[in-house]
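Participant: Below is a structure I'd like to ask you about.
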Amino acid sequence: MLERLYVELADDDLELVKLAETHREALRAACAADPDIWPIYSSSFGPGHFDASFDALVGGGGRMPYAILDRGELVGMTAWLRPDWSAQTVEIGNSFIHPAARGTGFNGRVKRLMIDHAFAVGIRRIEFRIDERNGRSQAAVAKLGGTKEGVLRSERITWTGYVRDTGLWSLLADEWAAQ
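Following the working numbering, the numbering of the sequence shown begins with -9 at its first residue and continues without gaps.
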């Protein structure tokens, strides 16, 4: 079933391709464009932390990462996380978009492409786990029609040592179809 979910996706000039070693330097440059954002992420892809985080991301462990391409240029990353076929659920996360592409609707296009595909292959519930400090990501998921189900208190310790409260958001297939 994972092979049905983790496929390359495209919509006009937007492409999601499986993240690979060949993307390392372009993603490093994209992530370095916003060094101030990494403290509200679970792991840092900023300077000094990039290689270890990249290696962990492409190393598997329940993560299926994509490089996000706009007209062939790498502008970010995203991933399928924690797929559970018996429950028909998956999380979308590990998302980062270059600052120049933010506020343009580009992230919404990426998420809609992923959501449409997930529901088309039999997923019935998509989750988003967002640091409570990350208002921009919460607003983006709400704009897609996601529902905040609650807060997982002290859910994880981030790379900075911060004990994070995580907002749990979801989107169901029947809700998406009704939009």
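Glycine included, C-beta positions come from ideal geometry on N, C-alpha and C. In this text, all values refer to a predicted model and were calculated from it rather than measured experimentally.
Taking the beta strand (DSSP E) that Ile113 falls in, what are its first and last residues?
Facilitator: Element bounds for Ile113: n/a, residue is neither H nor E.
Participant: Quick one: grab the DSSP three-state call for Arg72.
Facilitator: strand
Participant: Is Trp149 a contact residue of the ligand ATP, with contact defined as CB to any heavy atom under 8 Å?
Facilitator: This structure lacks the ligand ATP, and indeed carries no ligand of any kind.
Participant: When the Cβ atoms of the segment 94 to 108 are set against those of the segment 142 to 154, are three or more pairs found closer than 8 Å?
Facilitator: no
Participant: Residues in the same chain with beta-carbon distance under 7 Å from Cys21, minus the five sequence neighbours each way, listed in chain order, please.
Facilitator: Excluding sequence neighbours, Cys21 sits near Phe35, Gly36, Phe40, Phe86.
Participant: Would you please state the rounded distance, in angstroms, between the beta carbons of Ala69 and Arg53? I believe it to be under 8 Å.
Facilitator: 5 Å
Participant: Between the C-alpha atoms of Gly98 and Ala0, what's the straight-line distance to the nearest angstrom?
Facilitator: 14 Å
Participant: Under DSSP, the beta strand (DSSP E) around Ala57 begins and ends at which residues?
Facilitator: 53 to 60
Participant: Can the beta-carbon of Asp121 be found less than 9 Å from the beta-carbon of Arg154?
Facilitator: Yes.
Participant: Within 8 Å, do at least three Cβ pairs link the segment 5 to 24 to the segment 130 to 140?
Facilitator: The segment 130 to 140 and the segment 5 to 24 do not touch, with fewer than 3 CB-CB distances between them shorter than 8 Å.
Participant: Between which two residues does the alpha helix (DSSP H) carrying Glu11 extend?
Facilitator: First-last for Glu11: undefined, no H or E at that position.
Participant: On the DSSP bridge list, what partners appear for Asp1?
Facilitator: Leu4
Participant: Under a three-way DSSP split, which group does Asp121 fall into?
Facilitator: strand
Participant: Can you list, in chain order, the residues of its chain with a C-beta nearer than 8 Å to that of Ala77? Leave out the 5 residues immediately preceding and following it.
Facilitator: Short of 8 Å from the beta carbon of Ala77, and not among the five residues preceding or following it, lie these beta carbons of its own chain, in chain order: Arg115.
Participant: How should Gly95 be labelled, buried or exposed, when 16 other C-beta atoms within 10 angstroms of its C-beta is the threshold for buried?
Facilitator: Burial call: exposed.
Participant: When you compare the CB positions of Asp45 and Leu4, do they come within less than 9 Å of one another, or not?
Facilitator: no
Participant: Using DSSP with H/G/I as helix, E/B as strand and the rest coil, what is Asp155?
Facilitator: Asp155 falls in the strand class under three-state DSSP.
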